[in-house]
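Residue numbers (our numbering): 3 to 911.
Note that CB positions come from ideal geometry on N, CA and C, so glycine has one too.
None of these values were measured; they are calculated from a predicted model.
For reference, the structure is listed below as structure tokens.
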Amino acid sequence: MDGKTPQRAVDMFWKSFHTKAPGKATAVIPDKKRTKSKKAAKAAPPPSTQRAEASYEVAAATCRAKVAKIVQDCRRVNRKYRDPHFNIEFDLKLNQRECLESLSNAVPDPETGAHPAAPGADLLPRSAKRVPEIFTKPRFYINGPTANDVKQGNDGDCWLMAALCALSFKEGLIEKLCVAHDQDVGVYGFVFYRDGEWISEIVDDFLYLTKADYDAQQNDRIMFDELDYRNPQEAYTRIFQSNSNSLYFAQCEHPQETWLPLLEKCYAKAHGDYAAIEGGLGGEGVEDLTGGVASEFFATDILDKEHFWKQLLQANKEFLFGCSTGVFGGGFGSRKGIIENHAYSIQRVVEIEGQRLILLRNPWGKGEWKGAWADGSKEWSPEWMKKLEHKFGEDGEFWICYEDLLRHYQCFERVRLFGPEWNVSQIWTTLHIPWVQEYNETYFSFSTTQSGPVVIVASQLDDRYFRGLEGQYMFQLSFRVHKAGVAGYIVRSETAHRMRRSANVELDLEAGAYEVYVKIKAWRNDYVLPVQATIRKWAKSKRDKVSRIGKAYDLAHSRGQIIESKEEKKVREAYENRRMQKKRAVAKRDLQKRFKDAYYQKKKEHERSQTRAAKKKEKTKAKAAENAKAKEERKAAKAAAKEAAAKELAKQKATADGVAAKDETSKTNGVEAAEMKKEVESADLDGKSESKEVAKDVAKGDSAEASKKESQIEDKEELTGPTKEAIEQKPKEEPKEESKEESKEESKEETGKEEAKEESEDSEEPESDSDNESLASFTDYSDGELDIQIDALERDDPNMFDSSAEEEDSDEENGLFAKDPWNAVAVVGLRVYHKTTAPGDTVTLGVVRPNPYVETSESDEEGTGGGGGVEGKGKGSVLDVDDSAMDATLEGELKEKKEVIMGLRKTPA
Numbered sequence: 003m004d005g006k007t008p009q010r011a012v013d014m015f016w017k018s019f020h021t022k023a024p025g026k027a028t029a030v031i032p033d034k035k036r037t038k039s040k041k042a043a044k045a046a047p048p049p050s051t052q053r054a055e056a057s058y059e060v061a062a063a064t065c066r067a068k069v070a071k072i073v074q075d076c077r078r079v080n081r082k083y084r085d086p087h088f089n090i091e092f093d094l095k096l097n098q099r100e101c102l103e104s105l106s107n108a109v110p111d112p113e114t115g116a117h118p119a120a121p122g123a124d125l126l127p128r129s130a131k132r133v134p135e136i137f138t139k140p141r142f143y144i145n146g147p148t149a150n151d152v153k154q155g156n157d158g159d160c161w162l163m164a165a166l167c168a169l170s171f172k173e174g175l176i177e178k179l180c181v182a183h184d185q186d187v188g189v190y191g192f193v194f195y196r197d198g199e200w201i202s203e204i205v206d207d208f209l210y211l212t213k214a215d216y217d218a219q220q221n222d223r224i225m226f227d228e229l230d231y232r233n234p235q236e237a238y239t240r241i242f243q244s245n246s247n248s249l250y251f252a253q254c255e256h257p258q259e260t261w262l263p264l265l266e267k268c269y270a271k272a273h274g275d276y277a278a279i280e281g282g283l284g285g286e287g288v289e290d291l292t293g294g295v296a297s298e299f300f301a302t303d304i305l306d307k308e309h310f311w312k313q314l315l316q317a318n319k320e321f322l323f324g325c326s327t328g329v330f331g332g333g334f335g336s337r338k339g340i341i342e343n344h345a346y347s348i349q350r351v352v353e354i355e356g357q358r359l360i361l362l363r364n365p366w367g368k369g370e371w372k373g374a375w376a377d378g379s380k381e382w383s384p385e386w387m388k389k390l391e392h393k394f395g396e397d398g399e400f401w402i403c404y405e406d407l408l409r410h411y412q413c414f415e416r417v418r419l420f421g422p423e424w425n426v427s428q429i430w431t432t433l434h435i436p437w438v439q440e441y442n443e444t445y446f447s448f449s450t451t452q453s454g455p456v457v458i459v460a461s462q463l464d465d466r467y468f469r470g471l472e473g474q475y476m477f478q479l480s481f482r483v484h485k486a487g488v489a490g491y492i493v494r495s496e497t498a499h500r501m502r503r504s505a506n507v508e509l510d511l512e513a514g515a516y517e518v519y520v521k522i523k524a525w526r527n528d529y530v531l532p533v534q535a536t537i538r539k540w541a542k543s544k545r546d547k548v549s550r551i552g553k554a555y556d557l558a559h560s561r562g563q564i565i566e567s568k569e570e571k572k573v574r575e576a577y578e579n580r581r582m583q584k585k586r587a588v589a590k591r592d593l594q595k596r597f598k599d600a601y602y603q604k605k606k607e608h609e610r611s612q613t614r615a616a617k618k619k620e621k622t623k624a625k626a627a628e629n630a631k632a633k634e635e636r637k638a639a640k641a642a643a644k645e646a647a648a649k650e651l652a653k654q655k656a657t658a659d660g661v662a663a664k665d666e667t668s669k670t671n672g673v674e675a676a677e678m679k680k681e682v683e684s685a686d687l688d689g690k691s692e693s694k695e696v697a698k699d700v701a702k703g704d705s706a707e708a709s710k711k712e713s714q715i716e717d718k719e720e721l722t723g724p725t726k727e728a729i730e731q732k733p734k735e736e737p738k739e740e741s742k743e744e745s746k747e748e749s750k751e752e753t754g755k756e757e758a759k760e761e762s763e764d765s766e767e768p769e770s771d772s773d774n775e776s777l778a779s780f781t782d783y784s785d786g787e788l789d790i791q792i793d794a795l796e797r798d799d800p801n802m803f804d805s806s807a808e809e810e811d812s813d814e815e816n817g818l819f820a821k822d823p824w825n826a827v828a829v830v831g832l833r834v835y836h837k838t839t840a841p842g843d844t845v846t847l848g849v850v851r852p853n854p855y856v857e858t859s860e861s862d863e864e865g866t867g868g869g870g871g872v873e874g875k876g877k878g879s880v881l882d883v884d885d886s887a888m889d890a891t892l893e894g895e896l897k898e899k900k901e902v903i904m905g906l907r908k909t910p911a
């Protein structure tokens, strides 16, 4: 961050902290393009209203059909049913432990590199046998399922056992779970409620035992052999592997009853393995077994204890209740016999003769309250024993008064049940979760055609049934309900601190349109591997396990698939068309710029060529002027020489007196002529005949003829070589023959170089006509011509207009932080239950997403990328009333602010 301002450093951190493209793996099982699932999603009908019990009826019918098919197949081949997907016998004997242990997604210890033990590693059953091999006279129910049947085993699923105890006091609830079975074939079909609908599950009749088989247990086998039993193996089996007490996990109180261990096994299979059902909340267990809606509240938060007592009186009617204490502690200590961090079920609630009493049950089947109204306490009398139909005994059931219940139990869980008078509508979507906790910009809408009581539930996926693939993020839901067009909210859900799977509210609503804004608080656990890392870790060594859990994961996340509506498709296509036009416009500008740059280069080259031609022309002109001047000087010199010669001849003629003098003069003139001839011959190296003739004419005294021939030679010398005066100015000494030859060669080389240079310069210069034609061709292209060229480029490179790497989120961008950005995504559903008897009453649901294809400013695009919030959308931009920042967001006069707070202010159009 060196060299950056503090604000710039913070901005860069947030920019890289949030991913620009939040998302999550929605499918982990390989599939060829998943075309079928995509087509199915597109063809899915819109959400509709149905009876709350309709989903159960469909699941139960499906389960019966599956059991019937299995029974038919098994009887045809004369074999008992062995579950190929949850074969606990082979899994145990081959030490695969996939039916016991969950996929481990824990990060290795950073110091030692050691891998933590897999969830369920402490579960150590020793053998597995079929029901007829374990029980002497097995019966699924004996006098019906009751709370007294429930006895927890070695699995940490007390919450499930407490839920079953709660169900047992409302007739028919447990019986609804096992819809079909065939004890002879060994097949059992159950139904459970999951993520808003009922599902069916099938298991065989193998159960885990505490003791190993006789053949595998060496120590106990030796002991039985030494006791000299007539049949030691039979004795061993009868003592250690017979009836309910021999089971490793849950067992019924009656030694021959089988419904509880088989239900627990089927519930474990539905969630992947036995380890997956360790630890939980009784309220969520009741939800899974009844299809109800659970909510939690703490004893210290109860406003009206009288009103709460009236609700408790509805136990086993409209509601089922559970309770626990020590929920924030880490141990399993007890206070007056009450186990901390342990689930209890409320069985009965009575008010007799001014006494408010509650019957509780410990799912362990032992461990009871030691205070007032405990077994054997002074409050009991024969009359009270008869009134309450109670018997003393260490069976896990005990009575406690209302005041002690509120004093000694910290948290209560209440589950509302839905009968045939309730309808339900639901819809799911995917939400990107901002790091800043705020109401999501994607929200739900619903409308109802009739006034009446409603229960609104916002829920996330139950990650229990794909343990190991749940990822690093945990979520806590809350929401608020608005009247459509009103800024303030009608009601908001209470935050669930322990039961984070869902949040709900109950209220009466008038017919009309409403909106539900969801707030999701997220935690990130860096000690857990993300989904993709878990897949890489186990795909090879635990193929079957990953496949089975992965299919459940894919099925769950298919709910959150966003199906594009016709309107959204139209907007998206318009946006993509605008983006494409922008990209093409940029490509056009780039192409036009390249053409202009090329034209500019050509123009500059042309200008340089013209400049060189002008310089050459000036140089030629100057050279011609210099030659003309030299010619004039030569002419003047020749004229002077002629005049001097003429004067000399005249003087000689005038002074001649006779023949002797004339002869003498002629002789002298001959000598001078000979000397001149010699000089001319030595100067005229080419031996031209014209020079010789001039010399002869001069020697003869014929100056006119000599002058004429000299003029002809000068005209040639302008093109061929040095002037006569230059020759005359040379030294009189004649150079040696070798020096003359070297001078000739050097002169020829220099002349050749100059000529070659001039020719190369001339070759670079285009003719003026071609220059004009070349420059004329570099004009601006029309849009049509540019489109044609861009189309051709796109055909060569079909990906040229794809999103660039800068537009996509890069893990390597901005250093360390961008390698692991905030990337929280949740699949969230909304269910609306409405109580009505009108056949035409319906609730219509929808999801309103912000338009991602609306043009945004550059500053918005460079935001933190955290998403979230409904700022600028009227009612959504108002914070909760207990948020201290809300006051700053309110606008208008005091009256208007109060109306917003009370949910009366309408949203401006």
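Item                                                                                                                                                                        : Value
Have a look at residue 649 and residue 618 and give me their C-alpha separation to the nearest angstrom.                                                                    : 47 Å
Return the Cβ separation of residue 522 and residue 402 in integer angstroms, given the expectation that the two are a contact with Cβ distance under 8 Å.                  : Contact flag wrong, Cβ pair sits at about 38 Å.
What whole-angstrom Cβ distance do residue 274 and residue 159 have, given they're in contact under 8 Å?                                                                    : With a Cβ gap of about 14 Å, residue 274 and residue 159 do not count as contacting.
Determine the closest residue to residue 565 out of 185, 849, 611, 218, with distance taken between C-alpha atoms.                                                          : 849
Is residue 326 helix, strand or coil by DSSP?                                                                                                                               : strand
Should residue 302 be labelled buried (16 or more other beta-carbon atoms within 10 Å of its own) or exposed?                                                               : exposed
In whole angstroms, what separates the C-alpha of residue 320 from that of residue 312?                                                                                     : 12 Å
To the nearest angstrom, how far is the alpha carbon of residue 242 from that of residue 340?                                                                               : 32 Å
Could you give the residue range of the beta strand (DSSP E) that holds residue 434?                                                                                        : 424–434
Apart from the five residues on each side of it in sequence, which residues of its chain come closer than 8 Å, Cβ to Cβ, to residue 792?                                    : 586, 589, 590, 593
Are there three or more Cβ pairs, one per stretch, closer than 8 Å when the region 421–441 is compared with the region 825–838?                                             : yes
Between the Cα of residue 543 and those of 63, 54, 19, 100, spot the shortest distance and give me the residue it belongs to.                                               : 100
In the structure shown, what three-state DSSP assignment does residue 455 receive?                                                                                          : strand
Let me make sure I understand the geometry here. Which of 260, 369, 314, 825 has the alpha-carbon closest to that of residue 26?                                            : 825
State buried or exposed for residue 263, treating a residue as buried only when at least 16 other CB atoms are found within 10 Å of its CB.                                 : buried
Nearest by alpha-carbon distance to residue 196: which of 293, 239, 232 is it?                                                                                              : 293
Could you tell me the alpha carbon to alpha carbon distance between residue 878 and residue 854, rounded to whole angstroms?                                                : Residue placement at residue 878 cannot be trusted, given a pLDDT of 45 that sits under 50; the coordinates are not used to answer.
List the endpoints of the continuous alpha helix (DSSP H) containing residue 791.                                                                                           : 785–798
Based on the DSSP secondary-structure assignment, which residues constitute the bridge partners of residue 476?                                                             : 525
For residue 441 and residue 384, I'd like the C-alpha separation in whole angstroms.                                                                                        : 59 Å
Do the CB positions of residue 278 and residue 289 come within less than 8 Å of each other?                                                                                 : no
Do the region 314–330 and the region 127–144 meet, that is, are 3 or more Cβ pairs less than 8 Å apart?                                                                     : no
Check residue 441 in the structure and name its three-state DSSP category.                                                                                                  : strand
Around the Cβ of residue 529, are there at least 16 other Cβ atoms within 10 angstroms (buried) or fewer (exposed)?                                                         : exposed
I want to know whether the region 172–191 touches the region 94–109 - three or more CB-CB distances under 8 Å.                                                              : no
Does the ligand FAD have a heavy atom nearer than 7 Å to the CB of residue 408?                                                                                             : Ligands are entirely absent from the displayed structure, and the ligand FAD is therefore not among its contents.
Taking residue 215 as the reference, which of 612, 132, 598 has the closest Cα?                                                                                             : 132
By a C-beta neighbour count over all protein chains shown, 10 Å radius and 16 as the cutoff for buried, is residue 482 buried or exposed?                                   : buried
Please classify residue 110 as buried or exposed, where buried requires at least 16 neighbouring CB atoms within 10 angstroms.                                              : exposed
For residue 418, which beta-bridge partners are listed by DSSP?                                                                                                             : 295, 321
Would residue 211 and residue 118 be called neighbours here (beta carbons separated by less than 8 Å)?                                                                      : no
Short of 7 Å in beta carbon distance, which residues of its chain neighbour residue 556, apart from the five on each side in sequence? Order them along the chain.          : 29, 30, 31
Enumerate in chain order the residues of its own chain whose CB-to-CB distance from residue 8 is below 8 Å, with the five nearest sequence positions on each side excluded. : none
Under a three-way DSSP split, which group does residue 509 fall into?                                                                                                       : strand
Quick check on residue 421: buried or exposed, where buried means 16 or more other Cβ atoms within 10 Å of its Cβ?                                                          : exposed
Determine the direct distance from the alpha carbon of residue 596 to that of residue 784, and round the result to whole angstroms.                                         : 14 Å
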